[in-house]
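Number 874 marks the last residue of the sequence shown (numbering that gives the first Met the number 0); no jumps.
Have a look at the structure below, then the notes.
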Amino acid sequence: MTTSKSRPLKIHLLPYYAQGHQIPAVHLAGLLASRGQHVTIITTPSNARLIEKAIIGGGGDHDNASDRICIHTINLPAEQVGLPPGVENFSDVTDNSAAKKLYIASHLIQSQVESFIEESLPDALIADIMFTWSQATARRFKIPRLTFNSMLIFNMCVVEAIRAHPEILKSNTGPYTIPGLPHKITFPVKPMATFNKVMEPTIDAEKESLGVIVSSFKELNAEYAEHYEKITGRRVWHIGPTDLMVHKTVPRAVDSEDECLKWLSTKKNSSVVYVAFGSLTRLTGKQLYELALGLERSGHPFIWVVSRNKNNGVEETEGKGLPVGFEETMKKEGRGMVIKEWVPQPLILNHAAIGAFLTHCGSNSVNESVAAGVPMITIPAFGDQYFTEKMISEMHGIGVEVGAVEWIVSQYDTPKEVVSAEMIEKAVKRLMDGGDEAEKIRKRAKELQEKALKAEQFSSSATKMTKSTSRPLKIHLLPYYARGHQIPVVHLARFLASRGQHVTIITTPSNARLIDKAIIGGGGDHDNASDRICIHTINFPAEQVGLPPGVENFSDVADNSAAGKLCIASHLIQLQVESFIEESLPDALIADIMFTWSQATARRFKIPRLTFNPLLIFDMCVVEAIRAHPEILKSNTGPYTIPGLPHKITFPVKPMATFNKVMEPTIDAEKESLGVIVNSFKELDAEYAEHYEKITGRRVWHIGPTDLMVHKTVPRAVDSEHECLKWLLVRPNTGGRAQALPSRSPVKGKSFTSAGIKHRGGNTCTRYSDAHDPASIERATSSNDVSKKRYVEMFELDNVYDTPKEVVSAEMIEKAVKRLMDGGDEAEKIRKRAKELQEKALKAVEEGGSSYNTLMELIDHLQKLVALKAPATST
């Protein structure tokens, strides 16, 4: 008889340089480590700091999970692409030029990544879908590769559908229905063809992967996961909501004195609208003004997180467009809070006072919202967030749309139009004023939350089985250099670590600091999960791309030039990543979808690779649909209906063709992966996950909401003295006015938050499901071939950091807010659906839930791959 003794998997994780990609990637690392696997996150110094914070921020370390997560830093070629030192994350850039540089830089790191892989050969590589070169890396080292996709599987299906039906982009008159999807999905505006072009490399790079990991749960988009696997032939691995999972296994620190939480505690249940647009959305002064008016006129209390933008890593003051005396008046009258600092979004969303989430539809935000059971008010900001809006409003019916006025490809583009105060007021009142519609929406949100919780439940019992039968996996995580990418990746890292896996996050110095904070920020260390999370830093080729030292994250760049350099630099790190993989060969690699070169890296080392996509699977489906139907972009008159989708999805404004073009390399790089990891739960976009799997043949791994997971296992820090929480404490549930808050304030989940206004970022959306807030959504920008020339040419098509030409008017905002917050049948139905979705999100991450099942299935799958490679021992 022969037996083979299982050892922990050695997994390398390569998250993209954006918070929306990094957060679920970190969550994934934590989850793998908590299951006994060894994870190494490969990233740049600046991103390493972010990831470290995300890992540490998770709190308690169960079963020494943190011992199994390492961060390997590589240098971001900032100078090579023309970025300032330290600008390594997309949250640090403010225009298309800088974004392009960062994007290019992310493709210049391949040699560094491969050098690391060569010296530390992993069992598998999980690379963000943006690292399209990871496909070649995996091929070179003959290691299994999975792609981590921060998009929802629904979005991925839409991307594939558009890709398969390019004719839908030819028309200039909407609505635009996307063909080939499980549901009829129609957009009132034309999807931008450039977005699908951007996605092409990621789609192609995914082909050779073992599938795509998604930070959501299967029930969120089961039909679309099946559809995606069917059309791509690639497995979708649902491992979320990772935030929900991680915070169940690694308790996060909670400060009950946080001001915003105290404020929420004064409000009535479901009376407060939580407004947040993620780390990358940049609102113009006109839009801020209209948003303020819309919120005020809605008559409902609100907590509004106003981001502090960065210009090449230097923080700038925001909120200049607010009406004179607005903040002071709202605070004095107890009608609202405007916050300009970090807030514990998942905690705020889960507060009983929160009645809706006005969001930009970012995948992480959607996952968090679903996990919290909070209905949403949607204002998509850019990229695939328009797809996500349709999943929220049309597919699940857990939110109301403010109304799209145009399709913005990137967060750095300047909108020509503004969402009016009237539109915002109407949407808020529609959800918040009560009524049958609002109640149905809240009920659906709660039902989806329950599914999310169930998705997470399976993991606990499965973990015990895994620990007794196999060695910890050694997993490398490669998060992209943007907070929206990094946050869920950190959540994933912590969750994996809390389950006994050894995780190494590969990143650059600046990003390493961010990741460190994310890891540390969660609180106590249960089961020593933090011991299983390591950060391996690689040099960021800043000088090579012309960036200042330290500029390694998109949050540190402020224009298209710097962003472009950062993008280029992210593709110049491949050799460093491969060098690390070679010296510390992991069992698997999870790379952000933006690292398209991770496909080649996984191929080189013959390790399994998964792509991490920060987009919602719904968005990915829309991208595929537009890619398949480019004719819909030919028309200049909306609305634009996207064909080939499970639902009729229509956009009022034309989707940017350049966005699809940007996505092309990531889509291609996903092809060789084990599937795409998304930070959401299956119930959120089940039909679109099925659709995405059907059209791409790749597996969708729903692992989210990662924030909900990680903060159920890793207690997060909560400052009960936070001003916004104090303010909420004095508000009646679903009542009160406003207070201006800085970004990152701890508001989501408070009892009195009745709705949230957001930009539809993925992390924000998932957090909303966590907190059962309905959301009003604003939009800001778009969700890579290793050839530098191709990337440079691709970014010439459209700017990523353009200034919007239009603003969302105060009237539009007022209308949307009142629509949700003034009560009425519609608002009540929306709230009801949001609550139902929250329940599904919570259940997805509970033991026995869909996301827990998916994550354990993924670990088991990787264990089997390692066992097949291991020599048998005779007994």
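Note that CB positions come from ideal geometry on N, CA and C, so glycine has one too.
Could you please give the first and the last residue of the uninterrupted alpha helix (DSSP H) stretch that includes residue i?
i, result
"W262", "258-263"
"E205", "First-last for E205: 204-207, but that is the beta strand (DSSP E), not the alpha helix (DSSP H)."
"L495", "482-497"
"G563", "559-568"
"D127", "Premise fails: D127 lies in the beta strand (DSSP E), 123-133, not in any alpha helix (DSSP H)."
"Y102", "95-104"
"F325", "325-331"
"Y288", "284-297"
"R6", "No alpha helix (DSSP H) contains R6, which DSSP labels as neither H nor E."
"K266", "Counting along the chain, K266 falls outside any alpha helix (DSSP H), and DSSP gives it neither H nor E."
"S214", "Where S214 is concerned, there is no enclosing alpha helix (DSSP H), although the beta strand (DSSP E) it sits in stretches over 211-214."
"E367", "362-370"
"T600", "597-603"
"E113", "110-116"
In terms of residue numbering, what span does the beta strand (DSSP E) encompassing residue i cover?
i, result
"E581", "Segment: none, E581 is in no beta strand (DSSP E) and carries neither H nor E."
"P886", "Residue 886 is absent from the model: the chain starts at 0 and stops at 874."
"S90", "85-91"
"S554", "550-554"
"F147", "144-151"
"Y15", "Element bounds for Y15: n/a, residue is neither H nor E."
"I391", "No beta strand (DSSP E) holds I391; DSSP gives it neither H nor E."
"V197", "Here V197 belongs to no beta strand (DSSP E), and DSSP marks it neither H nor E."
"I338", "335-338"
Given this structure, state the Cα-to-Cα distance separating residue i from residue j, to the nearest angstrom.
i, j, result
"P508", "A137", "24 Å"
"V305", "L574", "38 Å"
"V197", "I486", "22 Å"
"L880", "A123", "Nothing about residue 880 can be read from this structure; the chain reaches only from 0 to 874."
"G433", "D821", "7 Å"
"Q384", "A587", "29 Å"
"A685", "P181", "10 Å"
"I631", "W406", "13 Å"
"P741", "A437", "Legend: pLDDT at P741 = 48, less than 50; position of this residue unreliable, value from coordinates given subsequently. Approximately 29 Å, taken between the alpha carbons."
"I580", "L120", "4 Å"
"I474", "K9", "4 Å"
"P585", "C620", "31 Å"
"A492", "A601", "19 Å"
"P7", "R531", "11 Å"
"T665", "E258", "41 Å"
"Q21", "A511", "11 Å"
"K415", "A815", "20 Å"
"P345", "A135", "37 Å"
"G382", "N612", "13 Å"
"H535", "H501", "13 Å"
Going along the chain, which residues of its own chain have a beta-carbon closer than 6 Å to the beta-carbon of residue i, five neighbours each way excluded?
i, result
"K229", "E692, K693"
"L854", "L30, I238, S458, I702"
Using a Cβ-Cβ cutoff of less than 7 Å, which residues in the same chain neighbour residue i once the five nearest sequence positions on both sides are dropped?
i, result
"K875", "The displayed coordinates of the chain run from 0 to 874. Any statement about residue 875 would go beyond what the structure contains."
"T193", "V408, M655, A656, T657, F658, N659, K660, V661, L796, D797"
Can you list, in chain order, the residues of its chain with a C-beta nearer than 8 Å to that of residue i? Leave out the 5 residues immediately preceding and following it.
i, result
"I440", "P374, G396, I397, G398, V399, L430, P773, E825, A826, E827, K828, I829, R830, K831, R832, A833"
"S90", "A17, Q18, S278, L279, K309, A481, R482, G483, N552, F553, S554, D555"
By DSSP, does residue i sit in helix, in strand, or in coil?
i, result
"F356", "strand"
"V304", "strand"
"K473", "strand"
"T536", "strand"
"P343", "coil"
"D821", "coil"
"G232", "strand"
"G696", "strand"
"T72", "strand"
"I702", "coil"
"V791", "Only weak support is given to the placement of V791: the predicted model assigns it a pLDDT of 36, under 50, and the question is left unresolved by the model."
"N612", "strand"
"V591", "The residue you asked about is not Val; residue 591 is Asp in the sequence shown. Correct three-state label for D591: strand."
"G29", "helix"
"D515", "helix"
>> I'd like the ranges of any alpha helix (DSSP H) spanning at least 4 consecutive residues and lying wholly in the segment 626-665.
In response: DSSP runs (the alpha helix (DSSP H)) wholly in the segment 626-665: 657-660.
>> Suppose only complete runs of 3+ residues qualify. What are the beta strand (DSSP E) ranges in the segment 393-436, listed by chain order?
In response: Contiguous beta strand (DSSP E) elements confined to the segment 393-436 occur at 398-400, 417-419, taking only those with 3 or more residues.
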